[in-house]
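Written out below as structure tokens is the structure these notes cover.
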Amino acid sequence: MITKSDIQDVIVQQMNMISSVESYPREQLKEIKIPYRGYAYIISGIRRCGKSTLVGQLLRFGMDTSLYVKFDTPRLYGFSMEHFRLLDSIIAEKKPQHLFFDEIQVVEGWEVYVLGKLDEGYNVVVTGSNATMLSRELGTRLTGRHIAKSLYPFSYNEYVGYRNKEHGVDSLCDYLADGGFPAYLIHRDEEVLAQLTEDVLYRDIMVRYGIKESMPLKKLASYLASNCARLTSANNLKDIIGVKSPQTVLDYFSYLSDAYLFQFVSKFSYSYRSQQLNPKKVYCIDTGLQSVLTTSFSQDAGRRLENMVYLELLRRGGDIYYYAERKGECDFIVSRKNKVDEAMQVCLEMDDENRSREVGGLLLAMEAFELQKGTILTLNQKDTLIENGRQIDLIPVWQWCREKSRMQ
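For the sequence shown, our numbering assigns the number 624 to the initial residue and increments by one for each residue that follows.
Next comes the structure, spelled out in structure tokens:
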């Protein structure tokens, strides 16, 4: 049984804890504009990526006028719609302007309650660990009254700042090995990442979707981590993980994506059906987490670098695809406002052996979308080429990221 005093005690403890913890300021802190009167600001991302910490950083701008509740805690286990009446009583007494609801998705029907608080004139910030919070379904439930943002583990720029390192090839290699989960960077214990993986697979997927057999899902996660930046399809994987139907694999893809553990990139096509039928390229949410999940003894640094670039593109926004034709393939094209404005390849180093493949695939994409400039991102190689009248810039990934940092 949850009582009003239980909720009050939890609120006091949580607000004291979250306001007292020293933390590295997240890049996204600059992007969040509160208040959005009448809109819920929703921050979603994988477990332990720093959502609660980001909320704590926001709270410091208005602790006296805010109320914070994290619902994913043992003392609030069993919290349901009827308990919101007790929370309403506390809100009426404290008279906050801003309401911060952390991991509220564990409460069935939470979006109805949030909509009511918006109607009452409160500014509401919601966080959660499942991408369905950002889906069209959520938009329907909140009648479009929400602004959605995704938060990811530390970017390379954040990693460099947190570790007090310089931008360069050495720190980039360290980042590829460590990844960006704050808890791992603090404790340097792989058990942190292993437990995170267990929590995502069990709590965010198996429990949520009623999956009784864990082994196929775990095999799939391990396989995907070992094959990041490669093409994959449900038909090829059903026998490997031990399920009968490709649809089961597709369902698992969706669950893993919603939980932010893996992301799947479609081949570019103007046909949505074609996008769905073609194999997807898979990427892990964090290169450090990838190390814990993989069964591969030889780590492919080139594919890990590509994985990192994909994550940076996610942070920058836009629709990301790979481009492939019979004559070649381009790792990434990025569409913004329904127009492709970037094409890029990723390789550790361009040399005589791979030059034709890397340049040829990039040129195919540039010509297809009438781009005059393209990019080949490398570990530490810088140059400029002119091919068929089009400019191709070779840029070290660490420099590409640093340039974004300077623009902010």
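We put the CB at the ideal spot given by N, CA and C, even for glycine.
Taking 8 Å as the cut-off, the Cβ atoms of Val-749 and Ile-727 count as close. Shortest Cα-Cα distance from Asn-977 to any of Val-1020, Ala-988 and Ile-999 involves Ile-999. As DSSP reads the structure, Leu-994 sits in no beta bridge. Ranked by Cα distance from Tyr-691, the first of Lys-674, Leu-986 and Ala-882 is Lys-674. Taking the CA atoms as reference points, Arg-660 sits about 7 Å from Gly-744.
Close CB contacts of Ala-806 within its chain, under the 7 Å cut and outside five residues either way in sequence, are with Arg-671 and Val-815 (chain order).
Sixteen is the threshold: since fewer than 16 other Cβ atoms of the shown chains lie within 10 Å of the Cβ of Pro-697, the residue is exposed. Under the DSSP assignment, Ile-1015 falls in the beta strand (DSSP E) whose first and last residues are 1013 to 1019. The beta carbon of Ser-778 sits closer than 8 Å to those of Glu-650, Gly-803, Leu-934, Glu-935, Arg-938 and Cys-1024, all from its chain and outside the five residues before and after it, given in chain order. Excluding sequence positions up to five before and after Cys-970, its CB lies within less than 7 Å of the CB of Gly-925, Asn-977, Glu-981, Ile-999 and Thr-1001, all in the same chain and listed in chain order. Going by DSSP, Asp-954 is part of no alpha helix (DSSP H) but of the beta strand (DSSP E) stretching over 951 to 959.
DSSP lists Arg-959 as the bridge partner or partners of Lys-962. Listed in chain order, the non-local C-beta contacts of Leu-860 below 6 Å within the same chain comprise Val-872, local neighbours out to five positions each way being set aside.
Here Ser-894 is not near Tyr-944, since their CB atoms are 8 Å or more apart.
Between Tyr-775 and Tyr-647 the beta-carbon gap is near 14 Å, outside 8 Å, which marks them as no contact.
Following the DSSP letters along the chain, one finds Ser-667 inside the beta strand (DSSP E) bounded by residues 663 to 667. Burial is judged here by how many other beta carbons sit within 10 angstroms of a residue's own beta carbon; Asn-746 has at least 16 and is buried.
Taken through DSSP and simplified to helix, strand or coil, Met-967 comes out as strand. Beta-bridge partners of Asn-901 (DSSP): none assigned.
The C-beta separation of Leu-985 from Gln-1004 comes to about 15 Å, leaving the pair out of contact by the 8 Å criterion. In the three-state reduction of the DSSP assignment, Asn-859 falls in the helix class. Distance check between Met-686 and each of Gln-1014, Tyr-662 and Ile-634 places Ile-634 closest, using alpha-carbon atoms only. A distance below 8 Å separates the beta carbons of Ile-828 and Tyr-878. Measuring C-alpha to C-alpha distances from Leu-994 to each of Gln-886, Asp-974, Val-792 and Val-963 identifies Val-963 as the nearest. Rounded to whole angstroms, the gap between the alpha carbons of Arg-768 and Asn-753 is 19 Å.
Put simply, the backbone Cα of Phe-955 is about 9 Å away from that of Phe-891. Val-830 is classed as exposed because its beta carbon has fewer than 16 other beta carbons within 10 Å across all chains shown.
A direct Cα-Cα distance of roughly 10 Å separates Gly-791 from Asp-797. The stretch 757 to 813 contains, as complete beta strand (DSSP E) runs of 3+ residues, the segments 769 to 773 (chain order). Exclusion of the five residues before and after Asp-1006 leaves Leu-1017 as the residues of its chain whose Cβ lies within less than 6 Å of its Cβ. In the DSSP assignment, Lys-627 falls within the alpha helix (DSSP H) that extends over 627 to 643. DSSP places Lys-656 outside both helix and strand once states are collapsed to three, so it counts as coil. Taking a C-beta distance under 8 Å as the contact criterion, Gln-637 and Thr-688 do not qualify as a contact pair. Residues of the same chain with a CB within less than 7 Å of the CB of Pro-902, apart from the 5 flanking positions on each side, are Leu-854, Thr-855 and Ser-856 in chain order.
Shortest Cα-Cα distance from Ile-669 to any of Asp-881, Ala-715, Ile-809 and Glu-654 involves Asp-881.
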